[in-house]
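Numbering (my numbering), first residue to last: 3 to 496. Even for Gly, the Cβ is constructed at its ideal location relative to N, Cα and C.
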RNA sequence: GCCCCCAUCGUCUAGUGGCCUAGGACACCGCCCUUUCACGGCGAAGGCAGGGGUUCAAAUCCCCUUGGGGGUACCA
């Protein structure tokens with residue numbers, strides 16, 4: 003294969019959407035696999051809707067996912083500029099060429115006329131297409147309109163004969179009857195190119211070899227192919243990847259929940275998991291593997307294996323995968339990823355001391371198999387960093403208020419208070435003795451301690467929680483639980 | 001309306017005419033492990049949209065129907 007050049011070309015009108023991110027990922031994987039070039043191009047010809055904040059957000063999202071681009075914003079490259087708004091002279095030049103060669107013509111129709119035309123067509127049950135009236139204008143008529151000061155757009159002289167064939171890498175041969183097309187606008191009144199025009203100029207000039215994009219662009223392709231032809235450009239290979247849908251099978255959008263990459267980051271998803279999940283949306287490898295490292299993806303990805311049908315975004319599976327990756331992280335990396343969430347919860351300073359760091363890592367070690375998202379940390383770790391905010395009512399009732407619990411807590415508190423060390427091996431004998439003392443199973447001892455120390459019935463092992471809290475705090479909480487028990491008991495007497 | 005695309009468990013998918021009594025993953029349910037909760041292990045349930053062809057043989061090829069998605073802009 004000749005040198006591979008692919009691109010991701012978002013329009014900066016919002017955040018990096020997961021659909022866009024998946025398109026970017028497929029392009030990136032394809033480029034990396036073929037030692038090709040991955041170009042990032044910003045399609046900001048819609049002045050009204052494009053913002054620089056959006057550009058920043060998109061770049062940030064790309065970086066978060068680890069999708070580095072070889073050419074594009076902040077990076078440059080020999081095919082620039084990489085913002086369409088900075089390529090206007092190029093578009094103008096080719097627009098002029100089209101007109102000069104008789105492939106395009108000025109159209110003076112106003113939007114009102116156009117709307118009336120479409121309305122009329124609908125009424126007559128015809129296709130709401132441009133009827134080509136300005137195509138038939140004589141030179142004199144055009145001159146007259148220009149003199150009247152009427153503005154114009156440039157329309158492409160579509161070839162209505164035969165059909166346009168698209169050999170799609172994913173869908174195979176797709177044929178479009180050219181009579182379905184109309185003379186579409188290539189240059190707007192304000193001089194800006196339309197999408198269908200700019201995309202062709204850019205892809206051709208940037209020598210893009212494979213256009214990998216969403217299926218929503220498939221209907222545009224015949225128009226673009228005609229422009230390639232009119233300008234004498236080589237048509238690239240196309241691959242149209244399926245859409246991503248919400249649970250209700252409609253196109254994935256905000257109303258389905260989080261859709262932007264930044265949002266997923268804030269919700270505690272880690273990039274490896276997101277990348278893995280996105281790869282699985284519309285692509286599969288074989289009948290056994292679902293967890294793929296990035297390098298495996300680069301190695302195994304192929305357009306041939308991209309499926310044709312739209313995929314429903316399954317948040318539960320993403321969460322599961324995120325949990326898989328969280329569990330797989332070594333403690334140091336997990337710490338780095340999780341620290342912002344501790345900071346946000348007020349559990350840590352931005353730059354923790356060695357001692358703080360040790361504690362956070364101990365907490366993370368206990369939590370690692372228990373959380374699926376980093377943003378569960380404030381909730382899951384709260385009792386490690388402050389008093390118990392609220393005792394679970396059911397836990398108090400079913401565990402603390404049980405007959406004999408006060409005695410057990412009294413015993414354990416006393417024993418723990420006398421302990422010289424406070425690590426697992428120091429604690430074990432205490433609980434072993436308690437079992438003998440009260441002639442019961444371990445659970446009978448541990449559950450009251452757990453509720454006393456965490457306020458809930460579910461937590462990591464006491465052998466992990468207790469050492470992190472330290473002797474004084476642990477004993478304090480056991481005593482406090484005793485108080486709660488006696489208070490409740492008294493309350494019941496009256 | 002017209003054009004284009006798509007159709008395997010609830011979801012993502014494996015399957016490219018016989019290896020399919022359709023495989024895996026998530027979710028769900030049950031059991032085991034266990035100081036609780038997770039993790040982990042084992043197991044159950046669950047699908048070829050419908051109808052016609054082609055063929056000795058169809059989830060796989062063809063046609064129709066139905067359903068879903070996309071497009072039909074001076075948005076990208």
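Report back the beta-carbon spacing between residue i and residue j to the nearest angstrom; my notes put them in contact at under 8 Å.
| i | j | result |
| --- | --- | --- |
| residue 6 | residue 212 | 6 Å |
| residue 327 | residue 275 | 4 Å |
| residue 15 | residue 65 | With a Cβ gap of about 20 Å, residue 15 and residue 65 do not count as contacting. |
| residue 457 | residue 390 | 4 Å |
| residue 196 | residue 188 | 6 Å |
| residue 171 | residue 305 | 5 Å |
| residue 137 | residue 107 | 5 Å |
| residue 370 | residue 336 | 6 Å |
| residue 23 | residue 63 | 6 Å |
| residue 285 | residue 303 | 7 Å |
| residue 246 | residue 313 | 6 Å |
| residue 344 | residue 373 | No, residue 344 and residue 373 are not in contact; Cβ-Cβ is about 12 Å, not under 8 Å. |
| residue 261 | residue 254 | 6 Å |
Can you give me the start and stop residues for the alpha helix (DSSP H) that residue i sits inside?
| i | result |
| --- | --- |
| residue 452 | 444-456 |
| residue 297 | 296-302 |
| residue 280 | 273-282 |
| residue 162 | Note, residue 162: premise wrong, no alpha helix (DSSP H); not H, not E. |
| residue 21 | 20-35 |
| residue 436 | 426-440 |
| residue 344 | 333-346 |
| residue 365 | 356-369 |
| residue 386 | 379-387 |
| residue 175 | No alpha helix (DSSP H) contains residue 175, which is instead part of the beta strand (DSSP E) from 174-179. |
Determine the burial state of residue i: buried for a count of at least 16 other Cβ atoms within 10 Å of its Cβ, exposed for fewer.
| i | result |
| --- | --- |
| residue 503 | This structure gives no information on residue 503, because the portion of the chain shown stretches from 3 to 496. |
| residue 162 | exposed |
| residue 103 | exposed |
| residue 205 | buried |
| residue 127 | exposed |
| residue 156 | buried |
| residue 54 | exposed |
| residue 153 | exposed |
| residue 494 | exposed |
| residue 309 | exposed |
| residue 1 | Residue 1 is absent from the structure shown; the chain starts at 3 and stops at 496. |
| residue 483 | buried |
| residue 449 | buried |
| residue 21 | buried |
| residue 333 | exposed |
| residue 474 | exposed |
| residue 442 | exposed |
| residue 361 | buried |
| residue 311 | exposed |
| residue 192 | exposed |
| residue 117 | exposed |
| residue 73 | buried |
| residue 228 | buried |
| residue 41 | buried |
| residue 86 | buried |
| residue 49 | exposed |
| residue 140 | exposed |
For the beta strand (DSSP E) containing residue i, list its first residue and its last residue.
| i | result |
| --- | --- |
| residue 215 | 212-216 |
| residue 189 | 187-189 |
| residue 288 | No beta strand (DSSP E) holds residue 288; DSSP gives it neither H nor E. |
| residue 107 | 106-109 |
Thinking just about the alpha-carbon of each residue, which of the options is nearest to the one in residue i?
| i | options | result |
| --- | --- | --- |
| residue 199 | 377, 432, 99 | 99 |
| residue 92 | 56, 111, 233 | 233 |
| residue 81 | 207, 135, 332, 154 | 207 |
| residue 225 | 459, 451, 105 | 105 |
| residue 37 | 25, 379, 300, 113 | 300 |
| residue 397 | 114, 487, 256, 87 | 487 |
| residue 319 | 169, 375, 78, 59 | 375 |
| residue 209 | 447, 79, 287 | 79 |
| residue 427 | 439, 465, 121, 415 | 465 |
| residue 190 | 59, 158, 214, 84 | 158 |
| residue 386 | 372, 476, 10, 298 | 476 |
| residue 235 | 46, 406, 96, 380 | 96 |
| residue 270 | 237, 230, 27, 317 | 317 |
| residue 365 | 178, 341, 352, 32 | 341 |
| residue 12 | 129, 174, 214, 164 | 214 |
Under 7 Å: does the beta carbon of residue i sit that close to some heavy atom of the ligand FAD?
| i | result |
| --- | --- |
| residue 380 | No copy of the ligand FAD occurs in the structure displayed, which carries no ligand at all. |
Going along the chain, which unbroken runs of the alpha helix (DSSP H) with 4 or more residues stay wholly within the stretch 41-87?
54-67
To test your reading of the DSSP string, which unbroken beta strand (DSSP E) runs of 3 or more residues are found completely within the stretch 198-269?
212-216, 239-243
Mind listing, in chain order, the continuous alpha helix (DSSP H) runs of no fewer than 4 residues lying wholly within the stretch 119-151?
141-149
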